[in-house]
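Here's the structure, in structure tokens; my notes come after.
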Amino acid sequence: MRDGDEPGYLTAGSAAYRLASRILFVAGFSTFATLYCVQPLLPDFVREFGVTPAESSLSLSLTTGLLAGMLLVAGVVSDGIGRKPIMVASLLAVGLLGIVGALVPDWHGFLIVRALEGVALSGLPAVAMAYVSEEVDPKSAGVAMGLYIGGTAVGGMSGRVLTAVVSDLGTWRLAVGVVGAIGIAAAVTVWAGLPPSRHFHRRPAGLRELVKAWRGLLGDGGLLGLFSLGFLLMGSFVTVFNYVGFRLADEPFALRPAVVGAIFLVYSFGVVSSPLFGRLAGTHGNARTLAAAVLLMLIGLALMEPDSLWFIAPGIALFTFAFFGAHSTVSAWIGQRATVNRGQASSIYLFCYYMGSTLAGTLGGLFWHDFGWTGVAAFIALLLAVAALVAGRLLLAARR
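By the count of our numbering, the sequence shown reaches residue 1014 at its end, each step adding exactly one.
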């Protein structure tokens, strides 16, 4: 049986599929709201704690760095315990830590809490991707993955906009506390509503089994290309949003924090592009869809160069639209290519993804300090040029 309402796969159109999609949307929303809520607050940290812009970015980079490393562990743990329990525990811990972070008085204490949030967050992204790969009918997996990633887009947008507005009207501490409360609510939602796994099979979590699984995954040239794209695409994306706020707060724009925070509303384009690119990949193939998305990111970056909001705004919108389409395509492609050890395949991809956020996001601060936005844009263009080469090789391989 393939009906999502009975034992079998979750198929598009079934009640169970719709429920799972909504719950995964909520989980993605909360995860990314927590992860990126500090991004519009970086100027606040510079003012309150007397740190540099590059040092302020550690509030994000430490979280993504610890998240990246712990993802490798989370995939193994979920392969041995199960998907849903790990997701619930992750969201609950993240919510509680968010409230603690709002109360910590000093910069180093806040960084410690943000690092712990990275550890806690590791229990969701790769596990959610593995859940979709295992429980959703392969014909519907691209759209389901797109809906989950759409939730991450809305979460990233809402977390940024919410903290920007609340910090402008009140304090950044109040904003961080509100995001923590959302995490607790999301944990309850996933626990109460996500359909249980039907196709999950526990696998041994010993070192020998782990090495064997990694050898198989890393020996696949196609998967290696997809893993590298996680680093390049996410590194480009986070670098844009880390430093465009500084650009818009400076002359000649001198925008208020709430107005700068409004740029994150473009994340709503990710809600549209993620499932859209999932459908396009099903029709035209993953490789062609991915290559088109990378090209659109480069065009969006070029539009951001002039000192005019008439160019910057549509440039950011196109860049965001294309990034979420590319991420959705790569995520679903990994689930299709890695027929075994999917939890660990997703973990390796997301490790590269968040290491791109950590390393490129922080390195971008050095380019900003020395060369301004032109230097940041040149750095991002280099990352995207390499991504285009990788996407081109995958396209050529697909045509053989």
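Idealized CB from N, CA, C, for every residue including glycine.
Three-way DSSP call (helix, strand, coil) for residue i in this model
i	result
Leu847	helix
Val665	coil
Gly833	coil
Gly899	coil
Cys966	helix
Leu869	coil
Pro654	helix
Ser842	helix
Ser971	helix
Ser811	coil
Pro920	coil
Ser671	coil
Separation of residue j from residue i, as counted between CA atoms
i	j	result
Ala630	Trp805	15 Å
Ser673	Gly712	13 Å
Gly1006	Phe891	17 Å
Ser628	Gly770	28 Å
Gly797	Phe860	28 Å
Val733	Leu681	5 Å
Ala668	Ser675	10 Å
Phe933	Arg893	19 Å
Leu910	Ser882	17 Å
Phe724	Gly715	6 Å
Asp617	Arg812	Interpretation of Asp617 is limited by its pLDDT of 40, a score under 50 that renders its predicted location unreliable; the figure taken from the coordinates is listed afterwards. Going from the Cα of Asp617 to the Cα of Arg812 covers about 13 Å.
Gly978	Leu998	14 Å
Asp751	Val944	18 Å
Ser960	Met743	7 Å
Ser704	Ala992	37 Å
Gly760	Ser887	8 Å
Leu996	Thr897	30 Å
Arg1025	Leu915	Examination of residue 1025 is not possible in this model, given that the chain is present from 615 through 1014 alone.
Leu862	Ala927	11 Å
Val691	Leu685	10 Å
Residue i, enclosing alpha helix (DSSP H) - first and last residue
i	result
Ala800	786 to 807
Leu932	923 to 951
Tyr623	Premise fails: Tyr623 is in no alpha helix (DSSP H) and is neither H nor E.
Leu706	697 to 717
Glu748	739 to 749
Glu865	Here Glu865 belongs to no alpha helix (DSSP H), and DSSP marks it neither H nor E.
Leu638	629 to 650
Ala729	721 to 735
Test item: CB-CB of residue i and residue j under 8 Å
i	j	result
Ser736	Val687	yes
Thr666	Leu649	no
Asp864	Ser781	no
Gly884	Tyr762	no
Leu973	Ala740	no
Ile637	Thr803	yes
Arg774	Pro654	yes
Cys966	Gly844	yes
Leu1008	Ala901	yes
Ala634	Pro809	yes
Of the residues the options, the one placed nearest residue i, counting alpha carbons only
i	options	result
Arg787	Ser961, Glu749, Leu717	Leu717
Val990	Leu1009, Leu710, Leu840, Met918	Met918
His941	Ala801, Leu840, Leu776, Val768	Leu840
Thr1020	Val708, Arg697, Gly679	One cannot answer for residue 1020 here, as it falls past the ends of the chain, which runs 615 to 1014.
Phe981	Val858, Leu655, Ala703	Val858
Leu710	Arg697, Pro699, Met701, Val727	Val727
Leu624	Val690, Phe845, Ala758, Leu730	Ala758
Leu846	Val825, Ala799, Leu1003, Ala634	Leu1003
Ala729	Ala827, Ser671, Leu783	Ser671
Val702	Val652, Val690, Gly807	Gly807
Val854	Pro866, Gly830, Val790, Thr976	Thr976
Ala952	Gly914, Phe639, Leu915, Gly835	Gly835
Val908	Leu832, Trp924, Phe937, Leu869	Phe937
Glu662	Thr785, Ser971, Gly696, Phe639	Thr785
Ile930	Thr903, Asn856, Thr777	Asn856
Gly791	Leu831, His983, Val652	Val652
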